[in-house]
Every structure is written in structure tokens, then in C-alpha cells.
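A.B. asks:
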Ligand SMILES: Nc1ncnc2c1ncn2[C@@H]1O[C@H](COP(=O)(O)OP(=O)(O)OP(=O)(O)O)[C@@H](O)[C@H]1O
Ligand SMILES: [Mg+2]
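In my numbering, the protein residues as written are 16 to 435.
Set out below in C-alpha cells:
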């Protein structure tokens with residue numbers, strides 16, 4: 016096993032576009048690291064650079080205590096499981112798992128021992144003589160993992176290994192991968208754009224956007240203390256609500272009324288003009304159901320639609336957003352690939368709530384949980400930096416601006432090249 020240290024990694028493909036842009040991620044020995052972000056943000060590229068399938072343009076890739084930039088994939092001793100885990104259809108499950116060992120010229124006895132050990136872990140014992148074509152998706156997935164396990168690799172690298180499976184199987188496999196990784200204690204880097212996988216599997220999660228690392232933190236830190244609008248909108252479902260807000264003293268003016276926020280948050284947002292407030296759906300409640308509304312604030316609003324799910328209910332409350340924030344939210348929506356930022360508030364209420372469509376309801380909001388974002392930079396002004404992991408933009412805003420500029424330039428060049 017080994018730690019993987021990515022230092023200021025840059026990848027430019029032939030067209031000059033920085034697909035990965037000055038990314039530094041330290042994966043500790045035995046850690047489960049997730050790379051997450053929208054399509055095209057550079058997750059697979061980064062993973063392929065770790066394995067050695069892609070050249071590194073700039074920066075240093077360190078595995079264990081070795082710089083591996085110039086090492087061939089076979090000399091890096093890593094096991095990769097791809098999205099399309101290619102199994103050999105004419106070989107049995109046993110031989111599929113044994114494949115890398117046969118290549119390495121391992122003795123028959125040893126092959127037998129290692130394959131059976133892996134198949135026991137993966138609960139594939141009764142399938143060893145079958146062919147992959149007769150297996151379910153999840154079983155095939157496990158065979159692909161078996162092949163990775165027997166190699167005694169220093170680290171596992173997964174590129175969206177579950178994306179071809181149906182929802183139920185995906186859930187099962189997720190638990191299985193998690194259990195297996197903990198049991199084997201093997202350093203793992205796992206690419207996904209599924210935020211449930213990111214939140215449930217990762218010790219830490221690296222959120223990428225257009226090749227730039229946005230935040231590197233534990234799932235809880237990302238959820239509670241997103242460093243910017245992008246991370247805030249990306250993590251959480253239904254997503255965080257974004258509303259225009261102005262702060263005066265401790266008072267925040269929101270489309271549905273005024274609320275008081277904690278002094279220290281208010282201070283950080285003072286004199287910044289029009290801001291974007293971020294409030295998660297679960298930080299609202301039907302005031303008539305809430306036992307104690309002494310903390311936080313309440314407001315009255317007309318509920319447009321209610322979705323009652325038994326244990327909870329989602330209520331939708333439309334509001335007006337001015338043009339200044341609308342532009343910023345439209346851009347965010349593009350970055351998040353159409354996660355809807357419509358100007359409506361989504362609130363999650365207790366299942367006991369009797370609020371119905373068309374009602375004017377009294378809604379309580381936990382004002383200590385309100386984030387305030389700078390609409391120009393997207394920065395979360397109220398973030399608790401001690402519990403937010405690493406936010407590269409805060410370490411070095413100039414480097415980030417430079418990285419963003421390079422991404423814009425690259426995109427322009429690419430558009431030009433495509434036009435030519
Ligand atoms: N061989 C290549 N040549 C040129 N550009 C490439 C190449 N491979 C990827 N890219 C570009 O690099 C960027 C990152 O691609 P990458 O495949 O790493 O994204 P990803 O985050 O894995 O996306 P997805 O979730 O869709 O798999 C994209 O803009 C992509 O178009
Ligand atoms: Mg990919």
C-alpha cells in the first residue's frame with residue numbers, strides 16, 4: 016500500500032486546453048478518496064495520470080516515496096477498475112480473476128490460493144466455473160474487482176465502476192465496495208459524478224470544476240461548510256436554496272422577509288452589497304409543527320405545491336429574484352449541468368405538517384445555518400474555515416484566478432480550432 020501525492024498537476028491535451036489545472040491532492044495511505052464533479056471536469060484524466068495511461072504536462076505525481084511521472088503503468092503497481100470492466104467472455108470467472116497472475120507467471124498453486132481468497136471475500140465461490148456472460152451486472156463487477164484484488168496492488172483506482180448498473184444493484188455494490196475497502200485497508204481513488212456515492216464512500220472528497228479543485232474535505236465538511244456556490248449547489252439533494260440577500264447589521268433581507276443571523280456571520284458580510292443566501296431545504300420547518308421556535312426566525316409565505324412523502328413533505332414557495340443574482344444563478348446552473356435553480360424555495364417539512372397547496376403557511380428557518388455568498392466570486396463569506404477542509408481558492412486566490420483564466424483561454428482556443 017502507498018500514499019498518493021498529486022502536486023500541482025496540470026494536463027493539457029493537444030489542443031492546449033487544461034483539462035486538469037494545477038490540482039494538488041494528497042491521498043493518505045489507506046484512505047478512500049473521491050474525485051467528483053460534472054462531466055468534463057477532468058476526473059478521468061486525473062485518474063489516468065495516476066495510473067500512467069496519460070502523460071503529465073506539469074507537476075509531480077508521487078506514489079509511496081517515488082516520483083512516478085516517467086514510470087510506465089506496469090511499473091506503478093496499481094489496479095484500475097474502469098466503467099466498462101472488460102472481462103474475457105471465453106474464460107471462466109476463475110481464469111478472469113487469475114488473469115494478471117498468469118501474466119506474471121505465478122505458480123498454479125499460488126494462483127489457486129489467491130483466486131480462492133479473493134472469491135471468498137467477494138462471495139463468488141459458487142460462480143468460479145461460470146462464464147461472465149451468464150453473470151448479473153453486480154457479479155461481473157465483483158469479478159473485475161477480484162482481478163484487481165489478487166494483484167496485491169498498492170492502490171485501487173475506480174472510474175465510475177457502478178454507472179452501468181441499475182439503482183438497486185448500485186446501492187448494493189456501493190456497500191460492498193465500502194466494506195471491502197475497509198477490510199483490505201487499501202488506498203483508493205474513486206471517480207464518480209454521483210454525489211450519493213461521493214458522500215457515502217469517501218473518507219474525503221475532492222470536488223472539481225473545469226479542471227480546477229474547488230474544495231477537498233470530508234463529506235460532512237463539504238455539506239456543512241461548502242467553500243463556494245458551486246460546491247454548495249453540487250452537494251446535497253434536493254439542492255441548497257439560493258436567494259438574493261442584503262445584510263444590514265444582523266438583519267438579512269430575503270425575498271420572503273427579514274431574518275436575524277448570528278453576529279459573526281453578519282460581520283463577515285457587512286458592506287458587501289447584494290449577496291446570495293444559501294439555505295438547505297431541511298433548515299426550514301412548518302412553524303406549527305416545530306416544538307420550539309425561539310431560535311431562528313419565522314415568516315409567512317404562500318405555498319405553491321406540496322409533495323407529501325410520509326416521513327417528510329417538500330413544499331415549494333415561488334419568489335422573485337432580481338436580475339443581478341439571476342445572472343449568477345444562471346451561470347451556476349450551467350456549471351451544475353442544469354440542476355434546477357428556478358426561483359422557488361424548496362423547503363422540507365416534517366411529515367406531520369398539514370400545510371397544503373395554496374395555503375399561506377408560517378415557516379420557521381434556522382437562521383444560524385444560512386450561508387452568504389459573494390455573487391461576483393462565488394466565495395462563501397460565512398464559511399467556518401476550521402471545518403471546511405482545504406479550499407484552494409482561499410490559500411491562493413491569484414493562482415485560482417490564473418487557473419480560471421487559462422481555462423477560459425483554452426476554451427476559446429478550442430472553439431476557434433473547432434470553428435476553423
Ligand atoms: N484525448 C483527449 N484529447 C483532448 N481532450 C480530451 C481528451 N480526453 C479528455 N479531453 C478533455 O478533457 C476534459 C476532461 O475530460 P475527462 O474525461 O477527464 O472528464 P471527466 O470528468 O472524466 O468527465 P465524465 O464525467 O464525462 O467522464 C474534457 O473537456 C475533455 O473533452
Ligand atoms: Mg470520466
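We put the CB at the ideal spot given by N, CA and C, even for glycine.
Here the structure is a predicted model, which is why all the values come from computation and not from measurement.
1. In the DSSP assignment, what residue or residues form a beta bridge with residue 271?
2. Using the C-alpha atoms, what's the distance from residue 162 back to residue 201?
3. For residue 87, which of 51, 67, 428 and 367 has the nearest alpha-carbon?
4. In or out: residue 326 buried (at least 16 other Cβ within 10 Å) or exposed?
5. For the putative contact between residue 274 and residue 49, defined by C-beta atoms under 8 Å, what is the C-beta separation to the nearest angstrom?
6. Could you pull out every residue in the same chain whose Cβ sits closer than 6 Å to the Cβ of residue 336, ignoring the five residues on either side in sequence?
7. Measuring alpha carbon to alpha carbon, tell me which residue in 116, 53, 371 and 93 is nearest residue 206.
8. Determine the direct distance from the alpha carbon of residue 307 to that of residue 404, and round the result to whole angstroms.
9. Where residue 204 and residue 254 are concerned, what is the direct C-alpha to C-alpha distance, given to the nearest angstrom?
10. Keeping to the same chain, check which residues put their C-beta closer than 8 Å to that of residue 371; ignore five residues upstream and five downstream.
11. Could you give the first and the last residue of the continuous alpha helix (DSSP H) run that contains residue 60?
12. What do you reckon, are the CB atoms on residue 57 and residue 35 nearer than 8 Å?
13. Would you mind sorting residue 412 into buried or exposed? The rule is 16 or more other CB atoms within 10 Å of its CB.
14. I'd like to know whether the C-beta atoms of residue 408 and residue 243 end up nearer to each other than 8 Å.
15. Since I believe residue 147 is in contact with residue 104 (beta carbons under 8 Å), could you give me their beta-carbon distance rounded to a whole number of angstroms?
16. Would you mind sorting residue 431 into buried or exposed? The rule is 16 or more other CB atoms within 10 Å of its CB.
17. Tell whether a beta-carbon distance below 8 Å holds between residue 134 and residue 127.
18. So what's residue 415 in DSSP terms, helix, strand or just coil?
19. Tell me, please, which residues DSSP counts as bridged to residue 174.
20. Excluding sequence positions up to five away, which residues of its chain have a Cβ less than 7 Å from the Cβ of residue 265?
21. Cβ of residue 58 within 7 Å of any heavy atom in ligand 2?
22. So is residue 4 buried or exposed if we call it buried at 16+ other beta carbons inside 10 Å?
23. Give, in chain order, every unbroken run of the beta strand (DSSP E) that is at least 3 residues long and sits entirely within the segment 136-181.
24. Output yes or no for whether 8 Å exceeds the beta carbon distance between residue 51 and residue 208.
25. So residue 314 is in the beta strand (DSSP E); what residue range does that whole segment cover?
26. Could you tell me whether any non-hydrogen atom of ligand 1 is closer than 7 Å to the CB of residue 28?
27. Any idea what DSSP makes of residue 293, helix, strand or coil?
28. At a cut of 8 Å, does the segment 163-172 reach the segment 21-30 through at least three beta carbon pairs?
C.D. replies: According to the structure shown:
1. One-based indexing of the chain shown puts residue 271 at position 256. DSSP lists no partner for residue 271.
2. For the purposes of this step, residue 201 is taken as the residue at position 186 of the chain shown. For the purposes of this step, residue 162 is taken as the residue at position 147 of the chain shown. So the two alpha carbons sit approximately 15 Å from each other.
3. If you number the chain shown from 1, residue 87 lands on position 72. Closest option to residue 87, Cα to Cα, is 67.
4. Counted from its first residue, the chain shown places residue 326 at position 311. Residue 326 comes out exposed.
5. Your numbering for residue 274 matches position 259 in the chain shown. Your numbering for residue 49 matches position 34 in the chain shown. Residue 274 to residue 49, Cβ: 34 Å. No contact.
6. Numbered from 1 along the chain shown, position 321 holds the residue referred to as residue 336. Result list for residue 336: 259 and 358, in chain order.
7. Residue numbering aside, residue 206 sits at position 191 when the chain shown is read from its first letter. When C-alpha distances from residue 206 are compared across 116, 53, 371 and 93, the shortest belongs to 53.
8. One-based indexing of the chain shown puts residue 404 at position 389. One-based indexing of the chain shown puts residue 307 at position 292. Spanning the alpha carbons of residue 404 and residue 307 requires a straight line of approximately 33 Å.
9. As a working mapping, residue 204 is identified with position 189 in the chain shown. As a working mapping, residue 254 is identified with position 239 in the chain shown. In a straight line, the C-alpha of residue 204 is about 25 Å away from that of residue 254.
10. Indexing the chain shown from 1 puts residue 371 at position 356. For residue 371, where only same-chain residues beyond five positions count, the Cβ hits under 8 Å are 318 and 321.
11. Mapped onto the chain shown, residue 60 falls at position 45. Here the alpha helix (DSSP H) through residue 60 covers 58-66.
12. Working through the chain shown from its first residue, we reach residue 57 at position 42. Working through the chain shown from its first residue, we reach residue 35 at position 20. Taking the C-beta atoms as reference points, residue 35 is found nearer than 8 Å to residue 57.
13. Start at 1 with the first residue of the chain shown, and residue 412 comes out as number 397. With fewer than 16 other CB atoms across the displayed protein chains lying within 10 angstroms of its CB, residue 412 is exposed.
14. As a working note, residue 408 is residue 393 in the chain shown. As a working note, residue 243 is residue 228 in the chain shown. With contacts defined by Cβ atoms closer than 8 Å, residue 408 and residue 243 form a contacting pair.
15. As a first step, residue 104 must be located in the chain shown, where it is residue number 89. As a first step, residue 147 must be located in the chain shown, where it is residue number 132. Indeed, because the Cβ distance is near 6 Å, the residues count as touching under 8 Å.
16. Counting from 1 along the chain shown, the entry for residue 431 is found at position 416. The residue is exposed, with fewer than 16 neighbouring Cβ atoms inside 10 Å.
17. Numbered from its first residue, the chain shown carries residue 134 at position 119. Numbered from its first residue, the chain shown carries residue 127 at position 112. Here residue 134 is not near residue 127, since their CB atoms are 8 Å or more apart.
18. Numbered from its first residue, the chain shown carries residue 415 at position 400. Correct three-state label for residue 415: helix.
19. Here residue 174 corresponds to residue number 159 of the chain shown, with the count starting at 1. Residue 174 pairs with 206.
20. Taking the first residue of the chain shown as position 1, residue 265 is located at position 250. Spatial neighbours of residue 265 in its own chain (CB-CB distance under 7 Å, excluding positions within 5 residues in sequence) are listed in chain order as 275, 276, 278 and 281.
21. Mapped onto the chain shown, residue 58 falls at position 43. Shortest gap from the CB of residue 58 to any heavy atom of ligand 2: under 7 Å.
22. Any question about residue 4 goes unanswered here, given that the chain covers just 16 to 435.
23. With a minimum length of 3 residues, the unbroken runs of beta strand (DSSP E) contained wholly in the segment 136-181 fall at 170-174.
24. What you label residue 51 is simply residue 36 of the chain shown in a count that begins at 1. What you label residue 208 is simply residue 193 of the chain shown in a count that begins at 1. If you check the CB distance, residue 51 and residue 208 come in under 8 Å.
25. Locating residue 314 in the chain shown gives position 299, where the first residue counts as 1. Here the beta strand (DSSP E) through residue 314 covers 312-317.
26. Taking the chain shown and counting its residues from 1, one reaches residue 28 at position 13. Yes.
27. Working through the chain shown from its first residue, we reach residue 293 at position 278. Of the three classes helix, strand and coil, the one that applies to residue 293 here is strand, per DSSP.
28. Counting C-beta pairs closer than 8 Å gives fewer than three between the segment 163-172 and the segment 21-30, which falls short of the contact rule.
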